[in-house]
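Counting in our numbering, the final residue of the sequence shown is number 174, and the numbers go up one at a time with none missing. Beta carbons are placed, not taken as given, at the ideal position from N, Cα and C, and that holds for glycine. Note that this is a predicted model, so its numbers are computed, not measured. Notes follow the structure.
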Amino acid sequence: MLNVIIFGAPGCGKGTQSALIIDKFKLKHFSTGEVLRKEIDNKTEIGVEADSYISRGQLVPDEMINKMVAQTVQSLNSTYNGIIFDGYPRTVKQAEELEKMMNEVGSSTHVLVELTVPDHELINRLLSRGLTSGRNDDNLEVISKRLEVYGAKTAPVIEFYKSLNKYVPIDGLGSIEEVNDRIVKAIDDLY
Ligand code: B4P
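As structure tokens, this is what we get:
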């Protein structure tokens, strides 16, 4: 089993890199952001509630997220070698819940890979994505809020995984291929 957390500030490349890694390591891709956006597009009850947080740059409440994750963790089967958690956990409470859920299914997380990217580059990437994404959280006002929330609520997750000896920082600057090579090497080095 290989369960990887791809972690970092908004726009660091979590989604981009996860999409490249899943095939190489035969992992199930689980992006909480993507699941939430589908709910929003389908105008479900969860989607309407999630949208009210996402459009303001806030995190969706932990309870809503943890329910979605529980379903994914329990549905894991032998088609995959493990899961790549993309954009989850985003709070220490979510991290504690994830470790508990993995434990309950007799598994565990193996590594948290943080993609480190300076704020000015994150802002540039998200603003340029905003030109075509149609996402209502890719504008300067909401991006600034997301970065603030990241520092206050999400960054502390790093200390949690450092204390479990599962933390690996990776330079997220450079071409998509260069960053991917660094991540693949870090995962290969685990074994
Ligand atoms: P997410 O969908 O996780 O999105 P993200 O942080 O914006 O983006 P990501 O880091 O994946 O960036 P990407 O690869 O696309 O979350 C959206 C929102 O959902 C959150 O703000 C929150 O409100 C909510 N949410 C999600 N999960 C939650 C949770 N667990 N708890 C509570 N709330 C939750 O890359 C960005 C851009 O950079 C792209 O345009 C890409 O092409 C470009 N790029 C990538 N790598 C590059 C590189 N090396 N060089 C240049 N450009 C690059």
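- Contact between residue 11 and residue 63 holds, since their C-beta atoms are separated by about 4 angstroms, short of 8 angstroms.
- Counting C-beta atoms within 10 angstroms of its own C-beta, residue 135 has fewer than 16 neighbours from the protein chains shown and is therefore classed as exposed.
- In this structure, DSSP gives residue 27 a state outside helix and strand, which the three-state scheme calls coil.
- With a cutoff of 7 angstroms, residue 139 does not count as near the ligand B4P, since its C-beta is closer than that to no heavy atom of the ligand.
- DSSP places residue 15 in the helix class (H, G or I) of the three-state scheme.
- For residue 17, the Cβ falls inside the 7 angstroms cut-off from some heavy atom of the ligand B4P.
- Per the C-alpha coordinates, the member of 59, 96, 53, 19 positioned closest to residue 165 is 96.
- The region 115 to 129 and the region 43 to 59 do not touch, with fewer than 3 CB-CB distances between them shorter than 8 angstroms.
- In this structure, residue 156 and residue -7 do not form a Cβ contact; the two beta carbons are roughly 16 angstroms apart against a cut-off of 8 angstroms.
- When secondary structure is reduced to three states using DSSP, residue 92 falls in the coil class, being assigned neither helix nor strand.
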